[in-house]
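FYI, in this note's numbering the residues of the sequence shown are 96 to 596.
We treat Cβ as the ideally placed atom computed from N, Cα and C, and that holds for glycine.
These notes concern the structure reproduced below.
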Amino acid sequence: MFSHKSSPWDAYFLTNTQEGIEAYQAAIAAAVQTLTDWVNPQQKSYSGLAPNVLAADITAMPCCPDKGTDLTVVLNQIGQSIVQNSVSVTHPTCIAHLHCPPLIAALATEVLITATNQSMDSWDQSPAGTIVEQYVVDWLCQLYGYSPQSDGTFTSGGTQSNLMGMLMARDAYAYKKLNWSIQQQGLPPEASRFRILCSDVAHFTICQSAALLGLGHQAVVPIQTDASYTLRGSAVDQAIAALQQQELLPIALVATVGTTDFGSIDNLLELANCARQHELWLHTDAAFGGALALSDHHRNKLIGIEYSDSITVDFHKLFYQPISCGAFLLKNKTHFDLFKLHADYLNPEDNADLGIPDLVTKSIQTTRRFDALKLFVSLQTLGRETLAKILDATIDLASNTAQLIEDDPELELAAYPTINTVVFRYCPQPHSTKHNCLERSNQINRQVRLKLLQQGDAVIAQTKIGAYTHLKFTLLNPRTTLSDIQSLLTQIKNIGSALDV
Ligand SMILES: Cc1ncc(COP(=O)(O)O)c(C=O)c1O
Numbered sequence: 096m097f098s099h100k101s102s103p104w105d106a107y108f109l110t111n112t113q114e115g116i117e118a119y120q121a122a123i124a125a126a127v128q129t130l131t132d133w134v135n136p137q138q139k140s141y142s143g144l145a146p147n148v149l150a151a152d153i154t155a156m157p158c159c160p161d162k163g164t165d166l167t168v169v170l171n172q173i174g175q176s177i178v179q180n181s182v183s184v185t186h187p188t189c190i191a192h193l194h195c196p197p198l199i200a201a202l203a204t205e206v207l208i209t210a211t212n213q214s215m216d217s218w219d220q221s222p223a224g225t226i227v228e229q230y231v232v233d234w235l236c237q238l239y240g241y242s243p244q245s246d247g248t249f250t251s252g253g254t255q256s257n258l259m260g261m262l263m264a265r266d267a268y269a270y271k272k273l274n275w276s277i278q279q280q281g282l283p284p285e286a287s288r289f290r291i292l293c294s295d296v297a298h299f300t301i302c303q304s305a306a307l308l309g310l311g312h313q314a315v316v317p318i319q320t321d322a323s324y325t326l327r328g329s330a331v332d333q334a335i336a337a338l339q340q341q342e343l344l345p346i347a348l349v350a351t352v353g354t355t356d357f358g359s360i361d362n363l364l365e366l367a368n369c370a371r372q373h374e375l376w377l378h379t380d381a382a383f384g385g386a387l388a389l390s391d392h393h394r395n396k397l398i399g400i401e402y403s404d405s406i407t408v409d410f411h412k413l414f415y416q417p418i419s420c421g422a423f424l425l426k427n428k429t430h431f432d433l434f435k436l437h438a439d440y441l442n443p444e445d446n447a448d449l450g451i452p453d454l455v456t457k458s459i460q461t462t463r464r465f466d467a468l469k470l471f472v473s474l475q476t477l478g479r480e481t482l483a484k485i486l487d488a489t490i491d492l493a494s495n496t497a498q499l500i501e502d503d504p505e506l507e508l509a510a511y512p513t514i515n516t517v518v519f520r521y522c523p524q525p526h527s528t529k530h531n532c533l534e535r536s537n538q539i540n541r542q543v544r545l546k547l548l549q550q551g552d553a554v555i556a557q558t559k560i561g562a563y564t565h566l567k568f569t570l571l572n573p574r575t576t577l578s579d580i581q582s583l584l585t586q587i588k589n590i591g592s593a594l595d596v
């Protein structure tokens, strides 16, 4: 019989020994202390340290000393140099990116995910985990209106899910239209003529995917959106006609549900119609807007998503999960066969006959975290209605923020928000200087953002619309109030006017 004798390594691992359990409890308590020292009423959105100062501080610690130090001492050191110099994602004015405050339910579950250390590639590395992930994936497929023919997998996020979507599109086209297996034969001679259509404000990972898939950036055809940054079917039809004239081969159409800068949502029904007519793979990048499906008030914005051949959805955005957590969903699960592989040591072919599920067959990752658990626990704990309330509140905040900006003559709103992002700029006063207006506006807006970061008062983003640098708020935090925003806008105007000389 296997015995549990004490080992000199007990204090390093969470084992069923007294020493292991006590060491683990003490370590977690020390980590929690480090965190709660950081999360205090004086906490700023960022400490404001410049990159070189921060680098000098952190690199003062040797990366791999010959002899280790007690964990509480190390946590204390990194608490000072690293945790205290992290951006505070729960701070009301940390509003730059699609970077959410994570739910406590999910944070607690992370403790279980990391300590149980299940790996999602094979059943014998994650028996319960495999069932949970499949259960959550099946629920997601239903949420987006897919039939039981659908399936999916958890991913590291939108980048991986978009890559999988483009991979499926490329391989399905070659298989169906050219009788060619890219998995077996590599790229076909026609590949240099493959084209992927998306809006001119689609996420950059569509271009990145095309490059990684051997099609090059040349394969991506950005199509002009309308005044509200929405891609319309008529523009797609025109683009396809132009490509056909050049004997190029449109293989896929990407719809974006929540563009990163504007939150705009492409016209899903029109794009589904184009995709059907022209036999294109329709991939919907709902990394940002996928969570709208939870809300009774906003679900209608996703009408038509069910026609997509594949969907990207991110949970480390509007599902309030800690990084990383995303999913890739497929309308027709047989498409996973396009990249299916069997490894004798991991997922032998007879597993299917034996009724053993292997999630690795559906993923481009092998070892993979059990991230489905934190989403599952969050859904159990908050329930759909509370999650929807959080979502609705943040969307209302974005809309009220836009109104404040629109009513302010010193600020210019770029577009009315569809979800949570508000893009605007400080407008310099029109007085005569040697600088032209565009250059002055760009300099001032860049400086405003930098000053707020250096002062630790707010972490906001910048982006460009045409030649103009704009500022961006991404309002995911339900604790941010309109009065926080009012104060921040006043500060932006004060900094802007002080620079506007
Ligand atoms: C629309 C969209 N798609 C894809 C991504 C990439 O997602 P991730 O950062 O999770 O890889 C983002 C990231 O912000 C996004 O906004």
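Cβ neighbours of residue i in the same chain (closer than 6 Å, five flanking residues each side left out)
{"i": "ARG371", "result": "none"}
{"i": "ASP466", "result": "PHE249 and CYS420"}
{"i": "THR558", "result": "ASP356, HIS565 and LYS567"}
{"i": "TYR440", "result": "none"}
{"i": "VAL182", "result": "TYR141, CYS189 and VAL554"}
{"i": "LYS529", "result": "Confidence is the limiting factor: at LYS529 the pLDDT is only 47, short of 50, which leaves the residue's position unreliable, though a coordinate-based value still follows. Closer than 6 Å at the Cβ level, and outside the excluded window around LYS529, lies no residue."}
{"i": "ASN180", "result": "SER142, LEU144 and LEU149"}
Residues of its chain near residue i, where Cβ-Cβ distance is below 7 Å and the 5 sequence neighbours each way are ignored
{"i": "ALA367", "result": "LEU377, GLY399 and TYR402"}
{"i": "PRO573", "result": "ILE485, ALA488 and THR489"}
{"i": "ASP332", "result": "CYS369"}
{"i": "THR462", "result": "SER214 and ASP216"}
{"i": "LEU170", "result": "ALA125, ALA126 and THR129"}
{"i": "ASP491", "result": "none"}
{"i": "HIS392", "result": "ASP487"}
{"i": "VAL227", "result": "ALA467, LEU468 and PHE471"}
{"i": "LEU308", "result": "MET261, LEU262 and ARG265"}
{"i": "LEU583", "result": "THR188 and ALA553"}
Sequence-distant residues of the same chain with beta carbon closer than 8 Å to residue i, five excluded per side
{"i": "TYR661", "result": "This structure cannot speak to residue 661, because the chain is shown only from 96 to 596."}
{"i": "CYS159", "result": "none"}
{"i": "LEU470", "result": "ALA201, VAL231, PHE410, PHE414, GLN416 and CYS420"}
{"i": "VAL639", "result": "For the chain, the structure presents residues 96 to 596; residue 639 sits outside this window and is missing."}
{"i": "ASP579", "result": "PRO187 and THR188"}
Cβ-heavy atom distance, residue i to ligand 1, below 7 Å
{"i": "ASN257", "result": "yes"}
{"i": "GLY309", "result": "no"}
{"i": "LEU193", "result": "yes"}
{"i": "THR325", "result": "no"}
{"i": "PHE383", "result": "yes"}
{"i": "THR513", "result": "no"}
{"i": "HIS411", "result": "yes"}
{"i": "ASP448", "result": "no"}
{"i": "HIS298", "result": "yes"}
{"i": "GLY247", "result": "no"}
{"i": "ASP295", "result": "no"}
{"i": "ASP380", "result": "yes"}
{"i": "GLY421", "result": "yes"}
{"i": "THR429", "result": "no"}
{"i": "THR355", "result": "yes"}
{"i": "THR351", "result": "yes"}
{"i": "THR254", "result": "yes"}
Integer Cβ distance of residue i from residue j, believed to fall under 8 Å
{"i": "LEU326", "j": "ILE335", "result": "In fact, because the Cβ distance is near 13 Å, the residues do not count as touching under 8 Å."}
{"i": "GLU114", "j": "ALA106", "result": "5 Å"}
{"i": "GLY247", "j": "LEU235", "result": "6 Å"}
{"i": "TYR563", "j": "LEU533", "result": "7 Å"}
{"i": "SER359", "j": "SER323", "result": "6 Å"}
{"i": "THR351", "j": "SER256", "result": "Not quite, the Cβ-Cβ distance comes to about 13 Å (not below 8 Å), so this is no contact."}
{"i": "LEU258", "j": "SER304", "result": "5 Å"}
{"i": "VAL296", "j": "THR320", "result": "6 Å"}
{"i": "THR569", "j": "LEU193", "result": "6 Å"}
{"i": "ALA493", "j": "THR516", "result": "7 Å"}
Boundaries of the alpha helix (DSSP H) in which residue i is found, first to last residue
{"i": "CYS532", "result": "532-549"}
{"i": "LYS484", "result": "467-501"}
{"i": "VAL517", "result": "Run containing VAL517: none in the alpha helix (DSSP H); it sits in the beta strand (DSSP E), 516-521."}
{"i": "ASP597", "result": "Nothing in the structure corresponds to residue 597, since the chain is present only between 96 and 596."}
{"i": "VAL148", "result": "146-153"}
{"i": "PRO525", "result": "Neither: PRO525 is in no alpha helix (DSSP H) and is coded neither H nor E."}
{"i": "PHE299", "result": "299-307"}
{"i": "ALA223", "result": "222-238"}
{"i": "LEU583", "result": "577-594"}
The beta strand (DSSP E) enclosing residue i, as first and last residue numbers
{"i": "THR558", "result": "556-560"}
{"i": "CYS293", "result": "289-294"}
{"i": "TRP218", "result": "No beta strand (DSSP E) contains TRP218, which DSSP labels as neither H nor E."}
{"i": "MET378", "result": "The amino acid at residue 378 is misidentified as Met; the sequence shows His. Residues 376-381."}
{"i": "HIS565", "result": "563-569"}
{"i": "LEU207", "result": "Per DSSP, LEU207 belongs to no beta strand (DSSP E); it is in the alpha helix (DSSP H), 199-211."}
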